[in-house]
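Heads up: the sequence shown begins at 3 in our numbering, then just goes up one per residue.
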Amino acid sequence: MNLELSEEQAAVRRLARDFVDREIIPNAAAWDRAESVDRGIVRQLGRLGFLGLTIPEEYGGSGGDHLAYALVTEELGRGDSAVRGILSVSLGLVAKSVAAWGSEEQKREWLPRLCSGAALGCFGLTEPGTGSDAAALTTRAVRDGDGYVIDGGKTFITNGTWADVVLLFARTGEDPGHRGISAFLVPAGTPGLTRREIHGKLGLRGQATAELVLDGVRVPASAMIGPAGKGFAVAMSALAKGRMSVAAGCVGLAQACLDAAVGYAGEREQFGTPIAGHQLVQELISDIAVDVDAARLLTWRVADHIDRGLPFATESSVAKLYASEAAVRCANNALQVFGGYGYIDEYPVGKLLRDARVMTLYEGTSQIQKLLIGRALTGVGAF
3 MNLELSEEQA
13 AVRRLARDFV
23 DREIIPNAAA
33 WDRAESVDRG
43 IVRQLGRLGF
53 LGLTIPEEYG
63 GSGGDHLAYA
73 LVTEELGRGD
83 SAVRGILSVS
93 LGLVAKSVAA
103 WGSEEQKREW
113 LPRLCSGAAL
123 GCFGLTEPGT
133 GSDAAALTTR
143 AVRDGDGYVI
153 DGGKTFITNG
163 TWADVVLLFA
173 RTGEDPGHRG
183 ISAFLVPAGT
193 PGLTRREIHG
203 KLGLRGQATA
213 ELVLDGVRVP
223 ASAMIGPAGK
233 GFAVAMSALA
243 KGRMSVAAGC
253 VGLAQACLDA
263 AVGYAGEREQ
273 FGTPIAGHQL
283 VQELISDIAV
293 DVDAARLLTW
303 RVADHIDRGL
313 PFATESSVAK
323 LYASEAAVRC
333 ANNALQVFGG
343 YGYIDEYPVG
353 KLLRDARVMT
363 LYEGTSQIQK
373 LLIGRALTGV
383 GAF
């Protein structure tokens, strides 16, 4: 793997970095307090081409490779994980799934809008009773004439109240487990679909996280994406790449921790000297730096595998596991450098710690990643 960025990748990274420094970092604390990101950020992400990365230009995308996508996601994570999540879900889970599994009609209908920011997508997989055990979902789509009627509920859905289309997973057959699941593209305005935003979250407070209730939601048969009964494959293929996006966002969050800790340690004086000169503070900072580098390299490896057409699912689990746990360690160490000041939201590290904590939970908990890695290495199912 060549670790030197191409001119195009370096330019994309600079563009993302400048955007984050100018438009996101100055507003992140206010958005966190208000529990709402400025929705205008979506159009800005679209205008810069970030919402269309890796999507073919013929469908309104901006092309590019997965390393460029990881670089942008990292920068967004450095600025505000709530904004990173908007892109990771709408592009990484929804638009990429439409590009990979959708019919030509579905691609033409949804991809140009998703890539421009004119529309957002959300990923309707998790249910109140089924988190890690996604194959046990109970939302049901029953065939009725030339369409399906869907009933059920979803929870912890990122972009849930903002989305214009839901990539929804529902049981269409009587087969147990994953074999009976199909995927649908459901416009958010469809009668019978109601959405309620979840407030009071520990972190990612600016992100629109929602519960979805489906009561007699009718969609045409053409709304199904991918073959009938293959919805679980659609979901898992999306999550395999999505874990790289979460890992990249964690790298950015960890980098923000490093930047904040180094900056504060150079300014704060104790015992007549900047605390940057104290060995145990240097230890905290060096631990953060090592975690940042290791997580970044693991994430870049996933992007390299995807772009070269190599298997990447296990590598994606490795990167997501390490980077998410590292982000928590980095935020905790950064807070320790700040001391008591890290505990108030005048400084950024408290928010970084709160945002980092969920990374070990969603798109597959750390425990699920270990099971996936172990199963891949041994060939023995662990569930």
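Backbone N, C-alpha and C fix where the C-beta goes; we use that ideal spot for every residue, glycine too.
Quantities reported herein were computed from a predicted structural model and do not represent experimental measurements.
Looking at the backbone, the Cα of Glu60 and that of Lys109 are separated by about 10 Å. For Ala256, the uninterrupted alpha helix (DSSP H) run begins and ends at 233-269, by DSSP. For Tyr324, the number of other beta carbons within 10 angstroms of its own is at least 16, and it is reported as buried. Residue pairing by DSSP places Lys156 opposite Leu214 in a beta bridge. Around the beta carbon of Ser83, a 10 Å sphere encloses 16 or more other beta carbons of the protein chains shown; the residue is thus reported as buried.
Rounded to the nearest angstrom, the gap between the Cα atoms of Arg377 and Leu363 is 20 Å.
Residues of the same chain with a CB within less than 6 Å of the CB of Lys353, apart from the 5 flanking positions on each side, are Asp34 in chain order. Our two residues, Gly279 and Ile88, have alpha carbons roughly 39 Å apart in a direct line. Exclusion of the five residues before and after Ala185 leaves Phe171, Ile227, Gly228, Gly233, Val236 as the residues of its chain whose Cβ lies within less than 6 Å of its Cβ. The beta carbons of Phe52 and Val91 sit no closer together than 7 Å.
Judged by their CB atoms, Thr75 and Gly191 are not nearer to each other than the 7 Å cut-off. Every alpha helix (DSSP H) stretch that sits fully inside the segment 37-65 and reaches 4 residues is listed by chain position as 42-49. Taking the C-beta atoms as reference points, Trp164 is found no nearer than 7 Å to Ala120.
Shown here, Leu122 sits in coil according to DSSP, grouped into three states, outside any helix or strand.
Around the C-beta of Ile346, fewer than 16 other C-beta atoms lie within 10 Å, and the residue is accordingly described as exposed. The shortest C-alpha to C-alpha distance from Lys372 to any of Thr316, Phe21, Cys332, Ala328 is the one to Thr316.
Inclusion of Arg19 and Ala258 in the CB contact set at 7 Å is not warranted, their separation being larger than that value. By the CB criterion at 7 Å, Glu365 and Arg245 fall inside the cutoff.
By the CB criterion at 7 Å, Tyr71 and Leu55 fall inside the cutoff. For the pair Val96 and Ile43, the CB atoms are not nearer than the 7 Å cut-off. Nearest C-alpha to Ser247 among Leu312, Glu199, Val320, Gly274: Val320. Going by C-alpha positions, Arg173 is about 16 Å away from Pro222. Ile375: member of the alpha helix (DSSP H) spanning 368-380, first to last residue. Here Leu187 is bridged, per DSSP, to Leu169. DSSP, reduced to helix, strand and coil, places Ile227 within a strand of the structure shown.
The Cβ-Cβ distance between Gly265 and Pro276 does not fall below 7 Å. Distances from the CA of Cys117 to each of Gly231, Leu379, Asp166 were compared; the closest alpha carbon is that of Asp166.
Leu337 is a Cβ neighbour of Val351, given a cutoff of 7 Å. The beta carbons of Ser99 and Ala240 sit about 5 Å from each other, so the pair counts as a contact at 8 Å. If you look at Leu5, you'll find it isn't in any beta strand (DSSP E); DSSP assigns it neither H nor E. Taking the Cα positions, Met238 is about 51 Å away from Gln272.
With at least 16 other beta carbons inside 10 angstroms of its own, Asn334 counts as buried. Residue nearest to Pro58 within the set Leu69, Ala101, Asn29, Ile26 is Ala101 (criterion: CA-CA distance).
Of the candidates Arg115, Asp23, His68, Arg115 places its Cα closest to the Cα of Arg49. The beta carbons of Val144 and Val219 sit about 11 Å from each other, so the pair does not count as a contact at 8 Å. Comparing alpha-carbon positions, the option among Asp148, Leu139, Asn161, Ser288 lying closest to Gly155 turns out to be Leu139.
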